[in-house]
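Undergrad:
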Amino acid sequence: RNADEAGQKIIESPAQAIDALTFSQSHFSELALERHLLKNTSSPEQYEAAMRAVMACPELVINDDDERGIQFTSQSIVSIEKRLTERAERMSATTGPAVSAQEQQSIIDATPFNRGQREGFELLCSGKQLAVVNGAAGTGKSFVLAAMRKAYEKEGFTVYGAILQGKTAEDLQRDSGIQ
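Right, here's the structure in full:
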C-alpha cells in the first residue's frame, strides 16, 4: 500500500522524485531513476506511468553526453550550478583576508597533517577568494576544512559553507563544524 501511494505521488508530482534523487548528489543515472521508481511503485503499470511522468517533467534535465552514459539532473540544480560558476569566475580574480602566517603555523604545529592535507590547509588559508581542495573519500578533506575553520575563527572570522546537496551539507557541518 505504501508503494502504491508513493507511486501515485510520483505520477501526480514527478518533480518530487527528481528532488529526492538530487538530494544527495547533483546528477543521477538511469539506473538510479529505475531503482527509485521500482522501490516506490506497486505494479509494472504504475512503474511505467511514473517513468512516463518523470521523463515528461519539465524539471528533468537529460545529459546524454556524459562518459558514464545518460545522466539526469534538475532545472534547479542546473540553475544553482550556473550561478556558482558565474560567482566562481568573479571570485577567481580577487583575494580576501588571509590567515596570518603565525596562526597558520600554530595550527600546522598542533595538527597531524600529511603533506597533501597541509598543502590544502595552506591554500585555504591563503586569502584566495576561491580555492579547490579535492580528494577521494576518507583522505581528510573534512579534517582540513575543520582546521581551516578554526584558523579563520581565531582571526575573528565566521566561516560558512556552500553545498548543493543536502546530505553533503549535513556531512560538512558534522565533520568540520562549518555551517
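Sequence positions in the sequence shown follow my numbering and run 2 to 180.
Virtual Cβ for every residue (Gly too), placed ideally from N, Cα, C.
Just so you know, these numbers come straight off a predicted model, no measurement behind them.
1) Relative to the C-alpha of A57, which residue among S44, A18 and Q106 is closest?
2) Just tell me which of E154, Q174 and S44 has its CA closest to the CA of A198.
3) What span of residues does the alpha helix (DSSP H) with T86 cover, start to end?
4) Going by DSSP in three states, V145 sits in which element: helix, strand or coil?
5) Are the beta-carbon atoms of L38 and A51 separated by less than 8 Å?
6) With DSSP collapsed to three states, give me the class of N41.
7) Would you say S77 and E156 are within 8 Å of each other, going by their C-beta atoms?
8) Tell me the start and end of each unbroken beta strand (DSSP E) in the region 119-145 that is at least 3 residues and wholly inside, in chain order.
9) By alpha-carbon positions, which one of E60, H28, Q105 and E13 ends up nearest to Q47?
10) Please report how far the alpha carbon of Q130 lies from the alpha carbon of G8, in whole angstroms.
11) Pair every Cβ in the region 99-116 with every Cβ in the region 136-152, then say whether three or more of these pairs are closer than 8 Å.
12) Provide the residue(s) that pair with F29 in DSSP beta bridges, ordered along the chain.
TA: In brief:
1) For this step, residue 57 is matched to residue 56 along the sequence shown. Closest by alpha carbon: A18.
2) Because the chain is modelled from 2 through 180, residue 198 falls outside the range shown and cannot be assessed.
3) Locating residue 86 in the sequence shown gives position 85, where the first residue counts as 1. Counting along the chain, the unbroken alpha helix (DSSP H) around T86 starts and ends at Q76 to M92.
4) On the sequence shown, residue 145 is found 144 positions in, with the first residue counted as 1. Note: V145 maps to helix in three-state DSSP.
5) On the sequence shown, residue 38 is found 37 positions in, with the first residue counted as 1. On the sequence shown, residue 51 is found 50 positions in, with the first residue counted as 1. In this structure, L38 sits near A51, with a CB-CB distance shorter than 8 Å.
6) Taking the first residue of the sequence shown as position 1, residue 41 is located at position 40. In the three-state reduction of the DSSP assignment, N41 falls in the coil class, being assigned neither a helical nor a strand state.
7) Working through the sequence shown from its first residue, we reach residue 77 at position 76. Working through the sequence shown from its first residue, we reach residue 156 at position 155. Against a cut-off of 8 Å, the Cβ pair of E156 and S77 comes out as no contact.
8) The DSSP assignment places no complete beta strand (DSSP E) segment of no fewer than 3 residues inside the region 119-145.
9) Counting from one through the sequence shown, the residue named residue 47 turns up at place 46. By alpha-carbon distance to Q47, the top candidate from E60, H28, Q105 and E13 is E13.
10) Along the sequence shown, one-based indexing puts residue 130 at 129. Along the sequence shown, one-based indexing puts residue 8 at 7. Q130 and G8: Cα-Cα distance of roughly 45 Å.
11) Yes: the two stretches touch, three or more of their Cβ pairs being nearer than 8 Å.
12) Position 28 of the sequence shown holds residue 29. In the DSSP output, where bridge partners are listed per residue, F29 has F73.
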